[in-house]
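Novice: Structure provided below as structure tokens; questions to follow.
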Amino acid sequence: MSQTAQASADAPAVPGVVARAGGDGPAPVRVVVAYGFWIFLLSDIIMFAALFATYAVLNGQTAGGPTARQLFDIRNVAVETVCLLFSSYTCGLAQLFIARRRLPLFYAFFGMTFVLGALFLGLEIHEFSGMVARGAGPSRSAFLSSFFALVGLHGTHVTIGLLWLVFTVLQVAAKGPRPYVLRRLHCFGLFWHALDIIWVAVMSLVYLMGVRV
Amino acid sequence: MSESESGDEDAGSVLAYTAGLGLALALTAASFIVSQTHLLWAPGLAAGLAVLAIAQMGVHLVFFLHIGSGPDNTNTVLALAFGVLIVTLVVSGSLWIMANLNGNMMPEAAMQEMQKS
Chain A
1 MSQTAQASAD APAVPGVVAR AGGDGPAPVR VVVAYGFWIF LLSDIIMFAA
51 LFATYAVLNG QTAGGPTARQ LFDIRNVAVE TVCLLFSSYT CGLAQLFIAR
101 RRLPLFYAFF GMTFVLGALF LGLEIHEFSG MVARGAGPSR SAFLSSFFAL
151 VGLHGTHVTI GLLWLVFTVL QVAAKGPRPY VLRRLHCFGL FWHALDIIWV
201 AVMSLVYLMG VRV
Chain B
1001 MSESESGDED AGSVLAYTAG LGLALALTAA SFIVSQTHLL WAPGLAAGLA
1051 VLAIAQMGVH LVFFLHIGSG PDNTNTVLAL AFGVLIVTLV VSGSLWIMAN
1101 LNGNMMPEAA MQEMQKS
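Those sequence lines, one after another, are chains A and B. Numbered per the numbering used here, the first sequence spans residues 1 to 213. Numbered per the numbering used here, the second sequence spans residues 1001 to 1117.
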């Protein structure tokens, strides 16, 4: 909060901008809430960074078990990635439409976000259960432990995101687009887009480096 | 944006989201192509994939998360910079320390020799 005030105190050099930044008063609740949630997301990303480092250190330690090249299916990863990218896109459009009070379009795009997210999760669960069935579960080797910890944590985040999405839709349906409902929706959007950023890193480091030619 | 009815919402525009999606898809496709062909010099593949991944993260930040250079964004960008610093320290520090430990490990033969005596 004090930083926000300081930032707007620095601003008067650009007169037109001061009013938008909040002028003399405190920043609007919407900005403060989004900022707080952004700090949480960054801490979440730092937690992922520790698991990424673990995976990078351990990905060669297969203990005689299956390697990344034998386990990963690049087509599956491509479909998963496209699902997540499009779900991020529809989530953004849904936010746009609720800001313009076009509720039917909001429900349509938010519904698509849910379907694409669920599709991603289904593919990931299918992949994991296939690996466990082949004897490549998390207890097989250090490589697989770190793989399941990293990718599984991302999958857990997607699961939580889908539950959150359902609750948000119910809230919009019950209470309408009130300011605090919109703020929660905005936080959900940030969460969902951040998951996409983490997936980009997972896709590149884990899958594409794992099955490179 | 300006065309939205409630002026203070900054959810972006359809065009911006579509541009972001297009760029993200193009960068993803580039990553897949580069990893599945011999287009890049093999030892440089990791660096190439890292560059593409970082570019795509940038696209997501700008087009989807709306982290830009606007006046509302000063604190957000500062927090992001701090986050990036910590992530870099955690990842590169871990890799550096573990590579060092690995380099200082006793060779397997010498280890077995010690266990015998």
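Virtual Cβ for every residue (Gly too), placed ideally from N, Cα, C. Owing to the predicted nature of the structure, the values given are computational and were not obtained by experimental measurement.
Who are the neighbours of GLN1036/B on chain A, taking C-beta pairs under 9 Å?
Specialist: Residue mapping note: residue 1036/B aligns to position 36 of the second sequence, counting from 1. Result: ILE74, LEU208, VAL211, ARG212 and VAL213.
Novice: Kindly confirm or deny that the stretch 187-199 of chain A and the stretch 130-140 of chain A touch, where touching means at least three C-beta pairs closer than 8 Å.
Specialist: Cβ pair count under 8 Å is below three, so no.
Novice: Are VAL200/A and ALA1026/B closer than 9 Å when you measure CB to CB?
Specialist: Numbered from 1 along the first sequence, position 200 holds the residue referred to as residue 200/A. Numbered from 1 along the second sequence, position 26 holds the residue referred to as residue 1026/B. Taking 9 Å as the Cβ cut-off, VAL200/A and ALA1026/B do not qualify as a contacting pair.
Novice: Using 8 Å for Cβ pairs, my map puts VAL213/A next to PHE72/A. What's the rounded Cβ distance?
Specialist: Taking the first residue of the first sequence as 1, we reach residue 213/A at position 213. Taking the first residue of the first sequence as 1, we reach residue 72/A at position 72. In fact, because the Cβ distance is near 13 Å, the residues do not count as touching under 8 Å.
Novice: So VAL158/A packs on GLN171/A, CB below 8 Å; how close in whole Å?
Specialist: The count along the first sequence starts at 1 and reaches residue 158/A at position 158. The count along the first sequence starts at 1 and reaches residue 171/A at position 171. So it is not a contact: roughly 20 Å between Cβ atoms.
Novice: Can you give me the Cβ contacts of LEU256/A inside the same chain, cut-off strictly under 6 Å, excluding the 5 residues immediately before and after it?
Specialist: Coverage of chain A is limited to positions 1 through 213, which leaves residue 256/A absent and any answer about it impossible.
Novice: Say whether the stretch 87-106 of chain A touches the stretch 1012-1024 of chain B, bearing in mind that this needs 3 or more beta-carbon pairs closer than 8 Å, one atom from each stretch.
Specialist: Yes, the stretch 87-106 of chain A touches the stretch 1012-1024 of chain B.
Novice: Run through chain B and tell me which residues come within less than 9 Å of LEU71/A, C-beta to C-beta.
Specialist: Taking the first sequence and counting its residues from 1, the one referred to as residue 71/A is at position 71. Within 9 Å Cβ-Cβ: nothing; LEU71/A doesn't reach chain B, min ~16 Å.
Novice: Identify whether THR113/A lies in helix, strand or coil by the three-state DSSP scheme.
Specialist: Taking the first sequence and counting its residues from 1, the one referred to as residue 113/A is at position 113. Note: THR113/A maps to helix in three-state DSSP.
Novice: Quick one: grab the DSSP three-state call for VAL202/A.
Specialist: Residue mapping note: residue 202/A aligns to position 202 of the first sequence, counting from 1. Looking at VAL202/A - three-state DSSP - the assignment turns out to be helix.
Novice: For GLY36/A, which option in ASP196/A, ARG184/A, HIS126/A and ILE198/A has the closest C-alpha, if you only look at C-alpha atoms?
Specialist: By one-based count along the first sequence, residue 36/A stands at place 36. The residue with the shortest Cα to Cα distance from GLY36/A is ARG184/A.
Novice: Can you tell me the Cα-Cα spacing of ALA13/A and ILE46/A, whole angstroms?
Specialist: In the first sequence, the residue the question calls residue 13/A occupies position 13. In the first sequence, the residue the question calls residue 46/A occupies position 46. Below a pLDDT of 50, predicted positions are generally treated as unreliable, and ALA13/A, at 47, falls in that range; no measurement from the model is reported.
Novice: Within 10 angstroms of its Cβ, does SER1069/B collect 16 or more other Cβ (buried), or is it exposed?
Specialist: On the second sequence, residue 1069/B is found 69 positions in, with the first residue counted as 1. Exposed, because fewer than 16 other Cβ atoms sit within 10 Å of the Cβ of SER1069/B.
Novice: When we look at the beta-carbon of THR1088/B and count the other beta-carbons within 10 Å, is it buried (16 or more) or exposed?
Specialist: Residue 1088/B sits at position 88 when you count from the first residue of the second sequence. Flag for THR1088/B reads exposed.
Novice: For SER1069/B, which of helix, strand or coil comes out of DSSP?
Specialist: Locating residue 1069/B in the second sequence gives position 69, counting from the first residue. Note: SER1069/B maps to coil in three-state DSSP.
Novice: Can you give me the C-alpha to C-alpha distance between SER88/A and PRO66/A, rounded to a whole angstrom?
Specialist: Locating residue 88/A in the first sequence gives position 88, counting from the first residue. Locating residue 66/A in the first sequence gives position 66, counting from the first residue. The alpha-carbon atoms of SER88/A and PRO66/A are separated by roughly 33 Å.
Novice: What's the call for GLY117/A, buried or exposed, on a 16-neighbour Cβ count within 10 Å?
Specialist: Taking the first residue of the first sequence as 1, we reach residue 117/A at position 117. When all chains shown are included, GLY117/A counts as buried.
Novice: Can you grab the Cα-Cα spacing for the pair LEU1085/B / PRO104/A, in whole Å?
Specialist: For the purposes of this step, residue 1085/B is taken as residue 85 along the second sequence, with counting starting at 1. For the purposes of this step, residue 104/A is taken as residue 104 along the first sequence, with counting starting at 1. In a straight line, the C-alpha of LEU1085/B is about 42 Å away from that of PRO104/A.
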